[in-house]
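See structure below.
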Amino acid sequence: MHGPQMLLDASLKFYEGYNGMVRPSPQMFLFKINSRHMIYLLNGILDAPNNYYQLIEHVAFIWLNEICRAILDRYTDPIEHKKFFDFAKTIAVETFKVNPKIFFTDYHSNQFFYG
């Protein structure tokens, strides 16, 4: 499987799994993601310099970073953020077939401010 197909597969897995994890309620309405969010995600990936696509580890890292930037940065609760970060990280490891150790601490998390 090639990088572009992996990016699409990982994004669709996250889209489906994430929306299944976010329970329908008036409070959680703003956290649901739709195709517009996926376009932001893919646009951010395409904005990365071309030399970032030479190693699959870089592609996986870019994908996870864009998931955090486009979707998970809306969470102020570090526990919720970590739950979804770990979910996205699992998808990245399985889809891109990379070692989970390449992903550093979730620097998008607000744990430094709240925890």
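Quick note on my numbering: the sequence shown kicks off at 242 and runs consecutively.
The beta-carbon is built from N, C-alpha and C at its ideal position, and this holds for glycine as well.
It should be emphasised that the depicted structure is a prediction, and the values quoted were computed from it without experimental measurement.
Tell me which residues share the same chain as K330 and place their Cβ nearer than 7 Å to its Cβ, disregarding the 5 neighbours each side in the sequence. Along the sequence shown, one-based indexing puts residue 330 at 89. These residues qualify, in order along the chain: L305, P341 and F344.
May I ask you to report which of helix, strand or coil DSSP gives F353? Residue 353 sits at position 112 when you count from the first residue of the sequence shown. In this prediction, F353 has a pLDDT of 44, which is less than 50 and means its spatial position is unreliable; what the coordinates show is noted afterwards. Of the three classes helix, strand and coil, the one that applies to F353 here is helix, per DSSP.
Output the distance between the C-alpha atoms of L282 and I320, rounded to the nearest integer angstrom. Sequence index remark: in the sequence shown, residue 282 carries index 41 (1-based). Sequence index remark: in the sequence shown, residue 320 carries index 79 (1-based). About 22 Å.
Taking DSSP as the reference, what is the three-state secondary structure of F345? What you label residue 345 is simply residue 104 of the sequence shown in a count that begins at 1. F345: coil per DSSP, three-state reduction.
Please state whether the Cβ-Cβ distance between I308 and F255 is less than 9 Å. The count along the sequence shown starts at 1 and reaches residue 308 at position 67. The count along the sequence shown starts at 1 and reaches residue 255 at position 14. Yes.
Rounded to a whole number of angstroms, what is the C-alpha to C-alpha distance between I286 and T336? Numbered from 1 along the sequence shown, position 45 holds the residue referred to as residue 286. Numbered from 1 along the sequence shown, position 95 holds the residue referred to as residue 336. If I take the Cα positions, the gap works out to 16 Å.
Whole angstroms is fine: what's the gap from D318's alpha carbon to M262's? As a position in the sequence shown, residue 318 is number 77, starting the count at 1. As a position in the sequence shown, residue 262 is number 21, starting the count at 1. About 16 Å.
Distance, K338 Cα to N291 Cα: Position 50 of the sequence shown holds residue 291. Position 97 of the sequence shown holds residue 338. So the two alpha carbons sit approximately 21 Å from each other.
Distance, H243 Cα to I297 Cα: Along the sequence shown, read from residue 1 onward, the residue named residue 297 stands at position 56. Along the sequence shown, read from residue 1 onward, the residue named residue 243 stands at position 2. The alpha-carbon atoms of I297 and H243 are separated by roughly 9 Å.
Quick one: what does DSSP say Y256 is sitting in, helix, strand or coil? Here residue 256 refers to the residue found at position 15 of the sequence shown. Three-state DSSP puts Y256 in a helix.
Residue-chain proximity (A251, chain C), Cβ-Cβ < 9 Å: Checking the listed chains, one finds no chain C in this structure; it contains a single protein chain.
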